[in-house]
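Just below is one structure, and these are the notes that go with it.
There are 6 protein chains.
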Amino acid sequence: MADTWLTSLITATPQEGFELAITLSRRGVKYTQPDAQVLHKLRPEYSNDAHELTAASQVIATNFQTVAAANNYWRK
Amino acid sequence: MADTWLTSLITATPQEGFELAITLSRRGVKYTQPDAQVLHKLRPEYSNDAHELTAASQVIATNFQTVAAANNYWRK
Amino acid sequence: MADTWLTSLITATPQEGFELAITLSRRGVKYTQPDAQVLHKLRPEYSNDAHELTAASQVIATNFQTVAAANNYWRK
Amino acid sequence: MADTWLTSLITATPQEGFELAITLSRRGVKYTQPDAQVLHKLRPEYSNDAHELTAASQVIATNFQTVAAANNYWRK
Amino acid sequence: MADTWLTSLITATPQEGFELAITLSRRGVKYTQPDAQVLHKLRPEYSNDAHELTAASQVIATNFQTVAAANNYWRK
Amino acid sequence: MADTWLTSLITATPQEGFELAITLSRRGVKYTQPDAQVLHKLRPEYSNDAHELTAASQVIATNFQTVAAANNYWRK
Numbered sequence: 262m263a264d265t266w267l268t269s270l271i272t273a274t275p276q277e278g279f280e281l282a283i284t285l286s287r288r289g290v291k292y293t294q295p296d297a298q299v300l301h302k303l304r305p306e307y308s309n310d311a312h313e314l315t316a317a318s319q320v321i322a323t324n325f326q327t328v329a330a331a332n333n334y335w336r337k
Numbered sequence: 262m263a264d265t266w267l268t269s270l271i272t273a274t275p276q277e278g279f280e281l282a283i284t285l286s287r288r289g290v291k292y293t294q295p296d297a298q299v300l301h302k303l304r305p306e307y308s309n310d311a312h313e314l315t316a317a318s319q320v321i322a323t324n325f326q327t328v329a330a331a332n333n334y335w336r337k
Numbered sequence: 262m263a264d265t266w267l268t269s270l271i272t273a274t275p276q277e278g279f280e281l282a283i284t285l286s287r288r289g290v291k292y293t294q295p296d297a298q299v300l301h302k303l304r305p306e307y308s309n310d311a312h313e314l315t316a317a318s319q320v321i322a323t324n325f326q327t328v329a330a331a332n333n334y335w336r337k
Numbered sequence: 262m263a264d265t266w267l268t269s270l271i272t273a274t275p276q277e278g279f280e281l282a283i284t285l286s287r288r289g290v291k292y293t294q295p296d297a298q299v300l301h302k303l304r305p306e307y308s309n310d311a312h313e314l315t316a317a318s319q320v321i322a323t324n325f326q327t328v329a330a331a332n333n334y335w336r337k
Numbered sequence: 262m263a264d265t266w267l268t269s270l271i272t273a274t275p276q277e278g279f280e281l282a283i284t285l286s287r288r289g290v291k292y293t294q295p296d297a298q299v300l301h302k303l304r305p306e307y308s309n310d311a312h313e314l315t316a317a318s319q320v321i322a323t324n325f326q327t328v329a330a331a332n333n334y335w336r337k
Numbered sequence: 262m263a264d265t266w267l268t269s270l271i272t273a274t275p276q277e278g279f280e281l282a283i284t285l286s287r288r289g290v291k292y293t294q295p296d297a298q299v300l301h302k303l304r305p306e307y308s309n310d311a312h313e314l315t316a317a318s319q320v321i322a323t324n325f326q327t328v329a330a331a332n333n334y335w336r337k
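Residue numbers (the working numbering), protein chains in the order written: chain V, 262 to 337; chain D, 262 to 337; chain L, 262 to 337; chain S, 262 to 337; chain P, 262 to 337; chain A, 262 to 337.
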């Protein structure tokens, strides 16, 4: 991918960190299937299926571990 | 999502930390499928299925790792 | 949940820590499906199925990582 | 479970640590389904199925992370 | 495998680190199935299936944890 | 298993570490199903299936986390 989409893992708040974890999770999908049209067609397949939603939340949880550690858990 | 729902990973007790891990797990689902009606319709699909309940518990366990580390495991 | 069930991650021995990891894994299920009757009905579904037993052991392993780290691996 | 089966995570070698990880993985199954006869009956179900063998190896890998950290990776 | 493909986990930016995580994930597949023709034939099977894409993103997330830790999260 | 196959987690390079992670993943399978003939028969089942290849790569990624940490990420 030619575009720059990730320059830092540091975020101001844990919520922004969680949202970055979602971005990482989606990018993992996008690198595997770069065709936006195919992804669009697949979207209802997982966003309307309990099992797929849980699996998506698992990926986000894994990426959130990384982002949270990078930010030293936003401890003050 | 416009609302602020996560301002800190620090909790007073491990049990509150576990409950925060549940919130994180549900938010991971909600960011993927924001339509509350669809989520409501899917609820019986996973809350009445042994496999889905175990998968949900796996996501919670992953998020609990993050919250527990953030709280230095509530060691005294 | 109104009851207090988790006040510390510290245990005297690794075995008690493993048993706490099992408690955490079951609580993850129970928070998702609080109805004890439904859970009771689902029990044979996963306790008699090789795939579900492995998945349950995976959740326990993940929670045991947390409990073991909290206890500094019970090193002496 | 009344018996004592886990008194330490420390092992002399990484191989013994890996074997302890296998013990932990099996105990996770056994706590969920304590009936030895049922477990015996289920054994061919997963030991003759590629998917189940990979899932078993995943649980072992997760437990090995814990045991390896406990042993400070057997660094000299 | 005779070729040298991994000499360091250090990358200049988090994005390069994420791309290295993708490389590691693909290599994990390739070591298991080294036949490029078989892999080519299987490609549509997972790149057009929501469940497989999420599973691929899960592997990438796991490898990204390793790469990010190696780079001390690219903190400045 | 009587043979000695794992005396250290330390490797000279990250690539050797990745290959050790593959060995650990295969050993996890082999301890669960020690019969080489059964394993041989199952091999096409997972090496020709996209889902199984991704699952294998997930186990490798988990073991690589352990090996990489043991080697302090091969930082110089």
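In this text, a Cβ means the ideal position worked out from N, Cα and C, and glycines have one as well. Just so we're clear, the structure is a prediction, and the values are computed from it rather than from any experiment.
Three-state class that DSSP yields for Trp266/D in the structure shown: Here the question's residue 266/D lines up with position 5 in the second sequence. Coil.
For the structure I just gave you, are there three or more beta carbon pairs, one from the stretch 320 to 331 of chain S and one from the stretch 319 to 331 of chain A, closer than 8 Å? The answer is yes - the stretch 319 to 331 of chain A touches the stretch 320 to 331 of chain S, with three or more Cβ pairs under 8 Å.
Best match in Val320/V, Ala311/V, Val299/V, Ala273/V for proximity to Arg336/V [C-alpha to C-alpha]: One-based indexing of the first sequence puts residue 336/V at position 75. Across the set Val320/V, Ala311/V, Val299/V, Ala273/V, the C-alpha of Ala273/V shows the shortest separation from the C-alpha of Arg336/V.
Alpha carbon to alpha carbon, what distance is there between Glu306/L and Leu314/P? The count along the fifth sequence starts at 1 and reaches residue 314/P at position 53. The count along the third sequence starts at 1 and reaches residue 306/L at position 45. Straight-line spacing of the CA atoms in Leu314/P and Glu306/L works out to 28 Å.
Closer than 9 Å, Cβ to any Cβ of chain A: which residues of the stretch 304 to 321 of chain S, in chain order? Listed in sequence order: Tyr307, Ser308, Asn309, Asp310, Ala311, His312, Glu313, Leu314, Thr315, Ala316, Ala317, Ser318, Gln319, Val320, Ile321.
Mind checking whether Ala330/S and Tyr334/L have CB atoms under 8 Å apart? The residue you call residue 330/S lines up with position 69 of the fourth sequence. The residue you call residue 334/L lines up with position 73 of the third sequence. When the beta-carbon positions are compared, Ala330/S and Tyr334/L come within less than 8 Å of each other.
Taking buried to mean at least 16 other C-beta atoms within 10 Å of its own C-beta, is Ala282/D buried or exposed? Taking the first residue of the second sequence as 1, we reach residue 282/D at position 21. Counting Cβ neighbours within 10 Å, Ala282/D comes out buried, since at least 16 surround it.
Between Ala317/D and His312/A, what straight-line distance do the alpha-carbon atoms span, to the nearest angstrom? Here residue 317/D is taken as the residue at index 56 of the second sequence, counted from 1. Here residue 312/A is taken as the residue at index 51 of the sixth sequence, counted from 1. Approximately 21 Å between the Cα atoms of the pair.
Only counting the same chain, and skipping five residues up and downstream in sequence, which positions put a Cβ closer than 6 Å to that of Leu285/D? Mapped onto the second sequence, residue 285/D falls at position 24. Beyond the five residues adjoining it in sequence on each side, Leu285/D comes within less than 6 Å, by CB distance, of Asn324 in the same chain, given in chain order.
Specify the secondary structure class of Ala273/D as computed by DSSP and reduced to three states. On the second sequence, position 12 is the one that residue 273/D refers to. Ala273/D falls in the coil class under three-state DSSP.
Taking 8 Å as the CB-CB cut-off, is Arg288/A touching chain S? Along the sixth sequence, read from residue 1 onward, the residue named residue 288/A stands at position 27. Closer than 8 Å to some Cβ of chain S, the Cβ of Arg288/A qualifies, so yes.
Closer than 8 Å, CB to CB, is Gln294/V near chain D or not? Here residue 294/V is taken as the residue at index 33 of the first sequence, counted from 1. No, Gln294/V lies away from the interface with chain D (no Cβ there is under 8 Å from its Cβ).
Could you work out which residues of chain S lie near Leu267/A, taking near to mean beta carbons separated by less than 7 Å? Your numbering for residue 267/A matches position 6 in the sixth sequence. Per Cβ cutoff of 7 Å: Pro275, Gln276, Phe279.
Between which two residues does the alpha helix (DSSP H) containing Arg257/S stretch? With chain S covering only 262 through 337, there is no way to say anything about residue 257/S.
For Leu267/L and Gln276/D, which I take to be in contact (beta-carbon distance under 8 Å), what is that distance rounded to the nearest angstrom? Position 6 of the third sequence holds residue 267/L. Position 15 of the second sequence holds residue 276/D. Yes, they are in contact, since the Cβ atoms of Leu267/L and Gln276/D sit about 4 Å apart, within 8 Å.
For Ala329/L, which residues in chain S fall below 8 Å Cβ to Cβ? As a position in the third sequence, residue 329/L is number 68, starting the count at 1. Listed along chain S are Leu270, Thr327, Ala330, Ala331, each with a C-beta nearer than 8 Å to that of Ala329/L.
Euclidean distance between Cα positions of Asn332/D and Ser308/V: Residue 332/D sits at position 71 when you count from the first residue of the second sequence. Residue 308/V sits at position 47 when you count from the first residue of the first sequence. Between the C-alpha atoms of Asn332/D and Ser308/V there is a straight-line separation of about 33 Å.
With DSSP run on the structure shown, which of helix, strand or coil describes Pro305/P? Here residue 305/P is taken as the residue at index 44 of the fifth sequence, counted from 1. The DSSP-derived three-state label of Pro305/P is helix.
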